[in-house]
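Trainee: Below are the structure tokens for one structure; questions will follow.
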Amino acid sequence: MNEESGPKTIEDELTELDPPYESSNELRIGRLLDKYGIPFFYKQPMIISHEGHNKIWKPSFTLPHQGWIVIDYINNPQKSVLEEKLNVYNYNQIPAVVLGPPDLTPKNCASCN
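So the sequence shown is numbered by my numbering: it starts at 1283 and just counts up by one.
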């Protein structure tokens, strides 16, 4: 241990183990899942049917022990984008929660502080 930098904190240790999250809000969601001991895959590819074509989507989080439910975080807060993603998941019979930045504001997220 280096005297100049001081002892490592638990946050330092966790940061080294974190996947390469694309946003700070995805980091917050991942840490919350970790806190509650919920295993997940980050950006696990899945094939979906959309507009008559098969496509590969990579939702933010896939929870294998909860029936493969998807938590998909998107940075675009437009309601139409959120609804379109949710409609595609529903069409493909994939249980999903689609979140945007407004969902993680302090007034909507008690554990986001």
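Even glycine gets a Cβ: it sits at the ideal position worked out from N, Cα and C.
Between which two residues does the beta strand (DSSP E) containing Tyr-1355 stretch?
Mentor: 1351-1355
Trainee: How long is the line joining the alpha carbons of Asn-1284 and Gly-1312, rounded to whole angstroms?
Mentor: Bear in mind that the predicted position of Asn-1284 carries a pLDDT of just 47, short of 50, making it unreliable; the figure below should be weighed with that in mind. Each residue's alpha carbon lies about 29 Å from the other.
Trainee: What are the partner residues of Tyr-1324, as DSSP defines its beta bridges?
Mentor: Phe-1343
Trainee: Mind checking which residues open and close the beta strand (DSSP E) that includes Leu-1381?
Mentor: 1378-1381
Trainee: Across which residues does DSSP place Ile-1329 in a beta bridge pair?
Mentor: Ile-1338
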